[in-house]
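Residues in the sequence shown are numbered from 9 upward in steps of one, following my numbering. Below is one structure; the comments refer to it alone.
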Amino acid sequence: AERRALAEAGVTVHDMRAIDEHGIAPLLRAFLARVEQENGLLHVSLDVDFLDPSIAPAVGTTVPGGATFREAHLVMEMLSDSCLVSSLDLVEL
9 AERRALAEAG VTVHDMRAID EHGIAPLLRA FLARVEQENG LLHVSLDVDF
59 LDPSIAPAVG TTVPGGATFR EAHLVMEMLS DSCLVSSLDL VEL
C-alpha cells in the first residue's frame, strides 16, 4: 500500500537494492537535477541513525549496513556542490 501511494503521488523511491546496484552518486545526481529543473531548494535533515554502527554506535536506532563515512561524506559534498540546500539540521548528535 505504501509503495502504491508513493507511486501515485509521483515520488521516486530508491531502496537499498537500487543503491547497492547503482551506487549512491548517480541516483543522487538524478535527484538533484530534478530539484534544479523544478527550481526547488532542499532542507536536509541529517539523521546519524542512517550511518553504520561501526562509525555511529551510540545512536538511538542502529542500522547494520548503514552508510559508511565515505558514503555519507560524498552525499554531503554532492549536496553542498549543488547549491540547492537552503537549510540543514543534524539529528541525534
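Virtual Cβ for every residue (Gly too), placed ideally from N, Cα, C.
Does the beta-carbon of residue i have 16 or more other beta-carbons within 10 angstroms, so that it is buried, or is it exposed?
i	result
residue 14	exposed
residue 64	buried
residue 80	buried
With a threshold of 7 angstroms (Cβ to nearest heavy atom), would residue i be considered close to the ligand NAD?
i	result
residue 33	Annotation note on the ligand NAD: not contained in the displayed structure, which lists no ligands.
Let me check understanding here. Comparing Cα to Cα, which of the options lies closest to residue i?
i	options	result
residue 78	59, 93, 68	59
residue 94	48, 17, 29	48
residue 28	86, 88, 75	75
residue 40	16, 9, 20, 100	20
When the distance is taken between beta carbons, is residue j closer than 8 angstroms to residue i?
i	j	result
residue 67	residue 56	yes
residue 82	residue 54	no
Give me the DSSP bridge partner(s) of residue i.
i	result
residue 51	95
Threshold first: 3 residues or longer. Then list the beta strand (DSSP E) segments lying entirely within the stretch 23 to 47, N to C. none
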